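This note's numbering puts the first residue of the sequence shown at 95, with every later residue one more than the last.
All C-beta atoms in this analysis are idealised placements derived from N, C-alpha and C, irrespective of residue type, glycine included.
Here the structure is a predicted model, which is why all the values come from computation and not from measurement.
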Amino acid sequence: MSLQVVAEKINILADFCGKRDVQELTREELIKKYNIEHADSLILFGGSILEGCKVAGKAMLNGVAKKLMIVGGEGHTTESLRKKVKEECPEIETENKMEADIMGQYMNLKYNIKDYYIERESTNCGNNVTYALRLLNEKNIEAKNIIIIQDTTMQHRMEAGFRKYDSNINIINYASYKTKVIVKEDKLTFEKNNILGMWDIERYISLLMGEIPRLNDNESGYGPNGRGYIAHVEVPKDVLDAFEYLKGEYRDLVRA
95 MSLQVVAEKI
105 NILADFCGKR
115 DVQELTREEL
125 IKKYNIEHAD
135 SLILFGGSIL
145 EGCKVAGKAM
155 LNGVAKKLMI
165 VGGEGHTTES
175 LRKKVKEECP
185 EIETENKMEA
195 DIMGQYMNLK
205 YNIKDYYIER
215 ESTNCGNNVT
225 YALRLLNEKN
235 IEAKNIIIIQ
245 DTTMQHRMEA
255 GFRKYDSNIN
265 IINYASYKTK
275 VIVKEDKLTF
285 EKNNILGMWD
295 IERYISLLMG
305 EIPRLNDNES
315 GYGPNGRGYI
325 AHVEVPKDVL
335 DAFEYLKGEY
345 RDLVRA
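See below:
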């Protein structure tokens, strides 16, 4: 097994899954690309690790959105978030708390952001989307342009969920981090080591590999030709090939 090839294949998956529609999350970038000074809402999802809070906090302080919503109940990433937040901020109560509540406390503590909406009932990417849309409707929040921040591994699927349930919203993707996997001292590692709350390398590979079968629109995927959870996603051949290569090396890491 060539670790260099493995790293390249992982990065192909990450580039595809971790969509960013603007280079930086600033008002200047929004004006340049969308001719808007700010989005109606920024939605931060609980799976986006602490780096997502950092990105969202700075963006809100810079006025990129009128409203902030934090979405996430308890799912497969919750326990990791609780642990990371407790390490970073021992004063935040995390035990049995939902992702959105933990992130809300963090945003308050680190960025003095107190004005936000919380959705704490959702447990997966599907109802992350539907419950967020329901809350927007309940609160009569305008939703023409929405920035969504999710973990790099799950960003593309989150966008596809929004396209399924409300294709009239202009979704502006901004994955919570971008990094490359490299080979150093005969081991796979991350090019950047300053991503707050980052997964270990094995978990990162597992999350990425779990996305491709879900995004691929066939009978076993999540698209219209499968379970119908998300809108159609066209998965390029190089991404499918990268997934198949990695599956040969890391079959046990493909999460169900």
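Buried/exposed call for residue i, threshold 16 Cβ in 10 Å
{"i": "residue 305", "result": "buried"}
{"i": "residue 126", "result": "exposed"}
{"i": "residue 96", "result": "exposed"}
{"i": "residue 176", "result": "buried"}
{"i": "residue 170", "result": "exposed"}
{"i": "residue 220", "result": "buried"}
{"i": "residue 195", "result": "buried"}
{"i": "residue 191", "result": "buried"}
{"i": "residue 222", "result": "buried"}
{"i": "residue 178", "result": "buried"}
{"i": "residue 342", "result": "exposed"}
Identity of the residue in the options nearest residue i by Cα
{"i": "residue 122", "options": "157, 225, 202", "result": "157"}
{"i": "residue 287", "options": "103, 301, 145, 130", "result": "145"}
{"i": "residue 147", "options": "331, 220, 254, 193", "result": "193"}
{"i": "residue 205", "options": "154, 312, 242", "result": "154"}
{"i": "residue 120", "options": "107, 150, 218", "result": "150"}
{"i": "residue 324", "options": "245, 197, 173, 218", "result": "218"}
{"i": "residue 168", "options": "343, 229, 189", "result": "189"}
{"i": "residue 98", "options": "318, 222, 282, 271", "result": "282"}
{"i": "residue 318", "options": "117, 329, 258, 101", "result": "258"}
{"i": "residue 100", "options": "180, 326, 284", "result": "284"}
{"i": "residue 261", "options": "115, 227, 313, 215", "result": "227"}
{"i": "residue 118", "options": "178, 293, 152, 200", "result": "152"}
{"i": "residue 346", "options": "172, 178, 296", "result": "296"}
Proximity test, Cβ basis, 8 Å: residue i and chain B
{"i": "residue 335", "result": "Chain labels in this structure do not include chain B; a single protein chain is all it has."}
Other residues of its chain near residue i: CB distance less than 7 Å, five sequence neighbours each side excluded
{"i": "residue 113", "result": "249, 250, 253, 267, 269"}
{"i": "residue 131", "result": "121, 124, 125"}
{"i": "residue 326", "result": "311, 317, 318"}
{"i": "residue 349", "result": "300, 304"}
{"i": "residue 277", "result": "97, 98, 101"}
Sequence-distant residues of the same chain with beta carbon closer than 6 Å to residue i, five excluded per side
{"i": "residue 103", "result": "336, 339, 340"}
{"i": "residue 271", "result": "145, 246, 289"}
{"i": "residue 230", "result": "237"}
Beta-carbon contacts of residue i that lie in its chain and below 8 Å, excluding the five residues immediately before and after
{"i": "residue 315", "result": "307, 308, 309, 321"}
{"i": "residue 133", "result": "124, 158, 159, 160, 239, 240, 241, 266"}
{"i": "residue 203", "result": "183, 185, 186"}
{"i": "residue 329", "result": "110, 306, 309, 310, 311"}
### Task
State whether the stretch 198-212 contacts the stretch 159-166, with contact taken as three or more CB pairs (one from each stretch) at a distance under 8 Å.
yes
### Task
Only counting runs of 4 or more residues, tell me where the alpha helix (DSSP H) segments fall wholly within the stretch 171-259, in order along the chain.
172-182, 193-205, 219-232, 249-259
### Message
To test your reading of the DSSP string, which unbroken beta strand (DSSP E) runs of 3 or more residues are found completely within the stretch 250-322?
### Response
264-267, 275-278, 281-284
### Query
Do three or more CB pairs link the stretch 169-185 to the stretch 233-242 at distances below 8 Å?
No, because fewer than three Cβ pairs between the stretch 169-185 and the stretch 233-242 fall closer than 8 Å, the two stretches do not touch.
### Query
Counting pairs of beta carbons, one from the stretch 299-313 and one from the stretch 243-261, are three or more of them closer than 8 Å?
Segments in contact, yes.
### Three or more C-beta pairs below 8 Å linking the stretch 97-114 and the stretch 333-344
yes
### Message
In chain order, what are the residue ranges of uninterrupted beta strand (DSSP E) at least 3 long that sit wholly in the stretch 125-167?
### Response
133-139, 159-165
### Query
Are the stretch 240-248 and the stretch 293-303 touching, with three or more C-beta to C-beta distances below 8 Å?
yes
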